[in-house]
Amino acid sequence: MKKFNVAVVGASGNVGREMLNILVELDFPVDNVYAVASSRTAGTVIDFKGKDLIVQDLATFDFSNVDIGLFSPGGSVSAQYAPIAVKAGCVVVDNTSHFRMDPDVPLVVPEVNPQAIGGYTKKGIIANPNCSTIQMVMALKPIHDAATITRVIVSTYQAVSGAGKDAMDELFEQSRATFGSGKIVPPKKFTKEIAFNVIPQIDSFLDNGYTKEEMKMVNETKKIMDPAIRVTATTVRVPVYNGHSESVTIETKKKISAAEARRLLENFDGVVVVDDPANLAYITPREAAGKNATFVSRIREDESVDNGLNMWVVADNLRKGAALNAVQIAQCLIRDHLK
Ligand code: L14
Numbered sequence: 000m001k002k003f004n005v006a007v008v009g010a011s012g013n014v015g016r017e018m019l020n021i022l023v024e025l026d027f028p029v030d031n032v033y034a035v036a037s038s039r040t041a042g043t044v045i046d047f048k049g050k051d052l053i054v055q056d057l058a059t060f061d062f063s064n065v066d067i068g069l070f071s072p073g074g075s076v077s078a079q080y081a082p083i084a085v086k087a088g089c090v091v092v093d094n095t096s097h098f099r100m101d102p103d104v105p106l107v108v109p110e111v112n113p114q115a116i117g118g119y120t121k122k123g124i125i126a127n128p129n130c131s132t133i134q135m136v137m138a139l140k141p142i143h144d145a146a147t148i149t150r151v152i153v154s155t156y157q158a159v160s161g162a163g164k165d166a167m168d169e170l171f172e173q174s175r176a177t178f179g180s181g182k183i184v185p186p187k188k189f190t191k192e193i194a195f196n197v198i199p200q201i202d203s204f205l206d207n208g209y210t211k212e213e214m215k216m217v218n219e220t221k222k223i224m225d226p227a228i229r230v231t232a233t234t235v236r237v238p239v240y241n242g243h244s245e246s247v248t249i250e251t252k253k254k255i256s257a258a259e260a261r262r263l264l265e266n267f268d269g270v271v272v273v274d275d276p277a278n279l280a281y282i283t284p285r286e287a288a289g290k291n292a293t294f295v296s297r298i299r300e301d302e303s304v305d306n307g308l309n310m311w312v313v314a315d316n317l318r319k320g321a322a323l324n325a326v327q328i329a330q331c332l333i334r335d336h337l338k
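Residues in the sequence shown are numbered from 0 upward in steps of one, following numbering that gives the first Met the number 0.
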């Protein structure tokens with residue numbers, strides 16, 4: 000089997016580290032792996048299959064020997080460096096929001112719209128959707144195919160890991176302070192205290208009153224699945240370390256029973272249904288963390304409308320929401336296009 004040179008950009012971050020883990024777990028056919036990050040962590044050492052990878056500085060890294068770049072750096076870094084990597088001959092799978100809505104960049108969840116990947120040739124870039132979008136479309140897709148979803152109302156309960164390691168430390172230190180550690184930790188990564196609290200803001204506000212995170216869910220769902228689906232979202236940060244949860248309410252053109260939806264979801268690749276409330280069988284983020292599946296629980300008919308369903312959708316936001324989905328995209332890419 001052909002092997003590939005892979006660069007993980009943002010290798011020191013939460014998502015970058017998961018990417019390295021998942022390359023190993025999925026037995027991705029790597030030849031050389033390069034860990035690349037900002038000058039802040041360049042020179043540090045990361046373990047990969049028992050070997051030391053020395054983190055290289057993105058500013059001077061040469062992509063000409065790299066086939067696939069898995070990018071998950073912060074902020075505007077991808078905007079600057081993804082095109083540089085592409086020019087050097089590398090295909091980039093990018094995790095930032097920068098390229099997602101570019102019509103010349105495919106936005107892919109491999110179980111949902113794998114056919115879109117071929118469009119990567121236009122810019123050399125494939126975008127990985129937002130974490131909350133990915134797990135939601137995993138649960139929507141089989142139902143949409145069977146009954147045509149017309150509207151989605153979603154509220155999220157998002158873990159702090161998506162905001163980075165410093166954000167996880169902020170939750171930890173603020174929690175300790177509540178119990179009298181004596182160390183006062185003012186909000187820094189978040190807009191308000193996150194310990195023992197919930198914050199109805201993720202990313203910045205837009206003119207329409209929604210946050211950017213909310214509009215990512217609206218626009219990305221349309222691009223990945225169907226522009227006709229109308230979506231409204233409220234995205235909320237909760238004091239959970241890892242694993243995003245979502246309350247998802249849908250309306251469909253065709254009536255679909257809870258039992259039928261359960262059966263469709265059970266048969267959809269990547270989804271695991273855990274739904275037997277009488278026996279406390281429903282999923283929580285602590286149980287989903289570290290796992291690759293998107294879990295669906297609490298599937299029930301919405302009795303306030305004619306054709307509606309409610310469900311509870313949970314996934315590890317660093318895995319299916321980011322690193323796993325990116326490596327799965329790379330798997331499709333090498334299977335169908337880089338043979
Ligand atoms: O759009 O939990 O990819 O702060 C990734 C981090 C969305 C917000 C994205 C978080 C962002 C997310």
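Virtual Cβ for every residue (Gly too), placed ideally from N, Cα, C.
Practice item. Please determine if the stretch 240-260 and the stretch 142-161 are in contact, where contact requires at least 3 C-beta pairs separated by less than 8 Å. Key: By the Cβ test, the stretch 240-260 is in contact with the stretch 142-161, since at least three Cβ pairs between them sit closer than 8 Å.
Check your understanding: Under three-state DSSP, which class holds Y119?
Key -> Helix.
Exercise for review: Tell me whether M100 sits in a helix, a strand or coil according to DSSP, three-state version.
Suggested key: DSSP places M100 in coil when its eight states are reduced to three.
**Study point:** Within 7 Å of the ligand FAD: residues by beta-carbon to any heavy atom
**Key:** With respect to the ligand FAD, the structure shown offers nothing to examine, as its ligands consist of the ligand L14.
**Study point:** Residues of its chain near T418, where Cβ-Cβ distance is below 8 Å and the 5 sequence neighbours each way are ignored
**Key:** Coverage of the chain is limited to positions 0 through 338, which leaves residue 418 absent and any answer about it impossible.
Review point. Closest by CA to T293, which one among E302, D268, V237 and Y33?
Key: Considering only alpha carbons, the answer is D268.
Point to revise | Continuous beta strand (DSSP E) assignments of at least 3 residues falling wholly in the stretch 34-70 | key: Unbroken beta strand (DSSP E) stretches of 3 residues or longer found wholly inside the stretch 34-70: 44-47, 50-53 and 67-70, given in chain order.
**Study point:** Status (buried if at least 16 other CB within 10 Å, exposed otherwise) for P226
**Key:** With fewer than 16 other Cβ atoms from the protein chains shown falling within 10 Å of its own Cβ, P226 counts as exposed.
Check your understanding: What's the gap between the Cα of M310 and the Cα of R262?
Key -> Distance between the alpha carbons of M310 and R262: 14 Å.
**Study point:** beta strand (DSSP E) segment containing N129, residue limits
**Key:** In the DSSP assignment, N129 falls outside any beta strand (DSSP E) and carries neither an H nor an E.
Exercise for review: Closer than 6 Å by C-beta to A166: which residues in its own chain qualify, once you throw out the five before and the five after it? Chain order, please.
Suggested key: V159 and K188, listed in sequence order.
Practice item. Starting from the C-beta of E213, find all residues in its chain whose C-beta is less than 6 Å away, skip the five residues before and the five after it, and write them out in chain order. Key: Result list for E213: A232 and T234, in chain order.
Check your understanding: According to DSSP, what are the bridge partners of S220?
Key -> Per the sequence shown, the amino acid found at residue 220 is Thr instead of Ser. Beta-bridge pairing links T220 to no other residue.
Practice item. Quick one: using the 10 Å Cβ neighbour count with 16 as the cut-off for buried, is P128 buried or exposed? Key: Within a 10 Å sphere around the beta-carbon of P128 sit 16 or more other beta-carbons, which makes this residue buried.
Exercise for review: Enumerate, from N- to C-terminal direction, the unbroken alpha helix (DSSP H) stretches of 4 or more residues contained entirely within the stretch 164-235.
Suggested key: If we require 4 residues or more, the alpha helix (DSSP H) runs fully inside the stretch 164-235 come out as 164-177 and 211-223.
Check your understanding: So, S63 versus A87, is the Cβ gap smaller than 9 Å?
Key -> Yes, the Cβ-Cβ distance between S63 and A87 is below 9 Å.
Check your understanding: CA-CA distance, A257 and E300?
Key -> Answer to the nearest angstrom: the Cα atoms are 6 Å apart.
Review point. Under three-state DSSP, which class holds M0?
Key: Coil, per DSSP.
Check your understanding: When the Cα atoms are used, what is the spatial distance from D354 to E265?
Key -> This structure gives no information on residue 354, because the portion of the chain shown stretches from 0 to 338.
Review point. Which word fits N241, buried or exposed, when buried means at least 16 other C-beta atoms lie within 10 angstroms of its C-beta?
Key: So N241 ends up on the buried side.
Check your understanding: Cβ of D305 less than 9 Å from any chain B Cβ?
Key -> Note that chain B does not occur in the displayed structure, where there is just one protein chain.
Review point. What is the DSSP secondary structure of E17, reduced to helix, strand or coil?
Key: The answer is helix: DSSP assigns E17 an H, G or I state.
Practice item. Could you tell me which residues DSSP pairs with E245 in its beta bridges? Key: Answer is T155 and V312.
Check your understanding: Of the choices G42, K48 and N13, whose alpha-carbon is the least far from that of V29?
Key -> The option with the nearest alpha carbon to V29 is K48.
Check your understanding: DSSP beta-bridge partners for G307?
Key -> Residue pairing by DSSP places G307 opposite E250 in a beta bridge.
Check your understanding: So, helix, strand or coil for I282, using DSSP?
Key -> In the structure shown, I282 sits in coil (DSSP, three-state: anything other than H, G, I, E or B).
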